Structure formats: structure tokens, C-alpha cells
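Residue numbers (UniProt numbering): 1 to 222. See structure below.
What follows is the structure in C-alpha cells.
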């Protein structure tokens with residue numbers, strides 16, 4: 001999993017100066033609910049973003065070039081951006097494997113990362129684009145546009161937590177089922193991504209795990 005992503009941009013008649021304030025200046029959580037009547041499961045957040053010129057140049061039109069792209073950058077002061085973060089579906093075929101022919105500078109196989117959007121993800125993204133554009137229209141944007149999802153965001157899953165070894169890689173403490181003194185502390189233990197940024201959850205799991213390891217070392221279990 002990597003989270004469903006995308007951005008919506010609003011263009012205004014007067015400067016809005018989105019560079020002021022925090023990077024993630026505000027969050028709209030109205031759509032972060034489970035309401036299948038919308039045509040998909042799960043939900044998403046709309047996060048208003050505060051970006052400098054270089055960051056906006058990278059994100060406002062990925063791969064953009066030429067006069068139309070330059071015109072977008074010329075409207076920097078009058079542009080506002082919104083980041084879409086939603087729950088993507090865990091899928092067995094989304095995986096990391098080792099390349100059988102290409103090696104890195106240390107002679108080790110490079111990873112192949114395979115990711116396909118679920119049909120649920122596609123429906124959610126279109127709903128999010130439309131909702132984001134309605135927000136900007138409601139506050140007076142002259143025009144708006146959305147961009148495709150970026151190549152990668154929050155890498156989650158692939159070593160998921162499970163009670164039974166046959167269902168996953170680690171137990172509730174992040175301890176691998178197969179190697180008892182090996183613990184995994186990052187987002188790969190997630191079974192689902194929900195719609196929120198994962199950093200605080202990863203930190204909470206790591207602190208909880210550290211306390212468990214400390215006690216296990218004290219008692220000689222590890």
C-alpha cells in the first residue's frame with residue numbers, strides 16, 4: 001500500500017499566498033468516513049498545503065514543460081494547493097521482489113516494486129478530485145485542475161502484522177514469526193493504511209515495541 005493520492009489546485013483572481021503557515025495548513029475530514037453509497041469503500045482527507053515555488057514546480061504538473069507550464073508557475077501567488085490522502089486497498093499482487101538480473105553497486109539484486117490501483121481506489125480518487133474542485137469553486141477560484149497520483153508516497157504493508165504465521169510476517173509486537181530475535185519497526189507491518197499520514201502510528205508502534213524488547217531482554221526472552 002502507499003495511500004491513494006492526488007492534488008487539486010485552485011487559481012484565484014487575487015494573491016492567496018499559500019506559502020504562508022505550516023506545510024499542512026488545514027485538513028478537511030468530512031470524506032474520511034465509510035459510506036459505500038458514494039461508490040467506494042473507505043474514505044479520504046483533503047489537506048490544504050503550503051508550498052514554496054520549487055516544491056510547487058515539482059507538483060503542480062508532473063512532467064510539465066513549455067508555455068502552459070510556465071503560465072502555471074507565473075500564477076504562483078494566486079494559486080492554492082490541496083493534497084488528497086485516501087485509504088487504498090491492500091492487494092496480494094502489489095509487492096516487492098528482487099530483480100533477477102540487475103544488481104546495485106554492492107552486487108546485490110535491486111528491488112522491483114509493483115503497484116496497481118484497485119478499482120475502489122480509482123473511484124475514490126475521482127470522487128476526491130470533484131470534491132476538491134468544489135471546495136475551491138466555493139471560495140471563489142476562477143479555475144481549478146487536478147494532477148495524477150505521484151509515483152510513490154507512504155510505503156506500507158508487505159510485512160503485515162498477524163496473529164497466525166500463515167496470515168502475515170510479524171506478531172502484534174512486530175516480531176517476525178520465523179526469526180524470533182528479528183523485529184520490524186516501520187510501516188511495512190500495517191494491514192491497512194486508513195486515510196491518515198502514518199508517521200505517528202509508526203512512532204507509537206515503535207515505542208510500544210521498544211518497551212516490549214526492553215522487558216524481553218531483562219527477562220532473557222531475547
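Think of the CB as a built atom: it goes at the ideal place given N, C-alpha and C, for glycine as much as any other residue. Remember, predicted model here, so these are calculated numbers, not experimental data.
Only residues of its own chain outside the window of five on either side were considered, and among them 7, 8, 9, 10, 46, 47, 48, 49, 132, 135, 136 have a CB closer than 8 Å to the CB of residue 82, listed in chain order.
With respect to the C-alpha of residue 28, the residue from 141, 128, 182, 149 having the closest C-alpha is 128. The residue from 64, 141, 180, 69 with its alpha-carbon nearest to that of residue 165 is 180. For residue 184, the secondary structure class from DSSP, reduced to helix, strand or coil, is coil. Residues 34, 120 of the same chain have their beta carbon placed closer than 7 Å to that of residue 41, with the five preceding and five following residues left out of the count.
Taking each of 114, 15, 141 in turn and checking the Cα distance to residue 99, the smallest one comes out for 114. Around the beta carbon of residue 205, a 10 Å sphere encloses 16 or more other beta carbons of the protein chains shown; the residue is thus reported as buried. The three-state reading of DSSP puts residue 11 in strand, counting E and B together. When the beta-carbon positions are compared, residue 153 and residue 5 come within less than 8 Å of each other. Cβ neighbours of residue 112 within its own chain (closer than 8 Å, five residues either side excluded): 96, 97, 98, 99.
Residue 201 carries a helical assignment under DSSP once its states are collapsed to helix, strand and coil.
One thing to note: residue 76 has its Cβ within 8 Å of the Cβ of residue 53. Scanning its chain for C-beta atoms nearer than 6 Å, with the 5 sequence neighbours on each side dropped, one finds no residue around residue 196. Secondary structure of residue 18 (DSSP, three-state): coil.
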